[in-house]
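Comments concern the structure below.
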Ligand code: GLY
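Residue numbers (our numbering): 44 to 444.
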């Protein structure tokens with residue numbers, strides 16, 4: 044058996060239909076509504092426990108995804124009373140995000156975009172919420188304090204300038220739309236200039252020769268050039284962490300969207316082709332793309348990588364030539380078919396999540412992460428599943444990013 048799906052197997056894989064996507068999204072909205080009272084004042088954690096999230100505080104890097112789910116549910120619900128209920132809950136969470144940035148609660152890291160784009164930027168775009176706007180601008184202000192001039196990047200984690208953390212991570216590309224949005228809103232080009240410097244550094248250094256990607260990239264604090272790549276959540280240095288590659292797919296699409304640089308289309312195709320060529324035959328990635336067919340007994344999947352990649356492909360195919368657009372759109376539709384058939388929550392009484400079989404961080408003998416959320420629902424997986432279905436059903440959907 045081949046380790047990964049063959050070209051002809053991928054070609055022959057069916058795409059999701061409009062009806063299947065509409066039904067799946069409708070069930071997601073029902074799931075959101077069913078547990079809304081548990082998760083209005085409180086937020087789900089990053090990962091579920093036995094497929095059920097436990098309510099908790101607005102902390103960590105992931106709470107914005109749940110508020111994003113509320114906005115997606117609001118946009119996709121048709122009943123006016125239901126929409127009002129969802130809007131009220133989402134706006135209550137926007138207040139929480141405002142308090143969080145005002146009081147600087149757990150914001151000493153780069154994940155301001157993940158937190159504030161799907162929650163507060165979305166609130167402003169959808170309802171004109173001034174609190175959402177102000178909170179998101181404060182978050183953008185916070186994010187740019189992490190800019191390192193030597194190397195030209197936003198430092199992901201840790202004390203600014205600490206040599207053991209003089210690095211950026213591939214995930215950060217999704218934090219940058221917040222900066223573009225802030226420049227557009229305030230007329231201050233400084234946010235955008237920092238975002239562009241980071242994009243340039245990331246694009247120049249994060250993609251390896253074989254088109255897989257580094258999770259984290261250390262820069263030389265003296266010369267500002269590439270020092271070395273290292274994984275944190277992948278299996279080992281040099282292997283392809285599935286979600287990192289998926290962030291690379293969506294990240295290069297976003298990089299192109301905001302900069303219009305033609306060479307980023309080529310980068311998008313390289314990282315996406317690598318991803319599509321390293322999937323098992325049921326199309327749901329293992330947590331690291333070095334695993335494949337035959338590893339089912341020992342290695343978990345990360346379904347969230349599939350839906351992040353699908354969102355990136357659906358974003359990028361808006362700007363591709365007809366042949367490429369058709370290819371990557373159908374790639375996204377196949378990933379959606381795969382997770383909808385085999386990896387989503389079909390019984391909303393049994394789980395308060397949307398997508399099963401995600402993996403947050405799996406410890407290996409070679410990586411540096413702490414094990415958490417292995418083979419569970421992960422909150423960004425739920426969010427991006429809803430976003431991908433929304434994008435598929437409405438290609439003109441106004442994105443939060
Ligand atoms: N951004 C962290 C992760 O994808 O787990």
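Ideal Cβ placement from N, Cα and C applies to all residues, glycine included.
As the structure is a computational prediction, the values presented were derived from the model and not from experiment.
- Per the Cβ contact rule, the segment 342-355 is in contact with the segment 421-432 (3 or more Cβ pairs under 8 Å).
- One residue list follows from the rule of a beta carbon closer than 5 Å to any heavy atom of ligand 1, given in chain order as 214, 286.
- Where residue 424 is concerned, there is no enclosing beta strand (DSSP E), although the alpha helix (DSSP H) around it starts and stops at 422-436.
- Rounded to whole angstroms, the gap between the alpha carbons of residue 208 and residue 198 is 8 Å.
- Approximately 16 Å separates the beta-carbon atoms of residue 137 and residue 102; this is outside 8 Å, ruling out the contact.
- Linking residue 58 to residue 265 through their CA atoms gives a straight-line distance of about 50 Å.
- Here DSSP, grouped into helix, strand and coil, assigns residue 242 to helix.
- Residue 191 is bridged by DSSP to 196.
- When the five nearest sequence neighbours on each side are left out, the beta carbons in the same chain lying within less than 6 Å of the beta carbon of residue 315 are those of 292, in order along the chain.
- For the 9 Å CB-CB criterion, residue 93 and residue 419 form a contact.
- In this structure, 113 is the residue among 121, 113, 155 with its C-alpha nearest to the C-alpha of residue 135.
- Spanning the alpha carbons of residue 83 and residue 54 requires a straight line of approximately 43 Å.
- Setting aside the 5 residues that flank it on each side, residue 225 is surrounded in the same chain by 180, 183, 234, each with a C-beta closer than 6 Å to its C-beta; the list follows chain order.
- Looking only at 425, 186, 162, the smallest Cα-Cα distance to residue 176 is reached by 162.
- Remark: fewer than three beta-carbon pairs, one from each stretch, lie closer than 8 Å, so the segment 324-336 and the segment 292-309 are not flagged as touching.
- In the structure shown, the three-state DSSP call for residue 273 is strand.
- Here the alpha carbons of residue 390 and residue 125 stand approximately 21 Å from one another.
- Residue pairing for residue 394: DSSP places it in no beta bridge.
- Secondary structure within the segment 351-416: the beta strand (DSSP E) runs of 3 or more consecutive residues, fully enclosed, are 401-404 (chain order).
- Its Cα nearest to that of residue 345, the residue 398 stands out among 398, 367, 394, 301.
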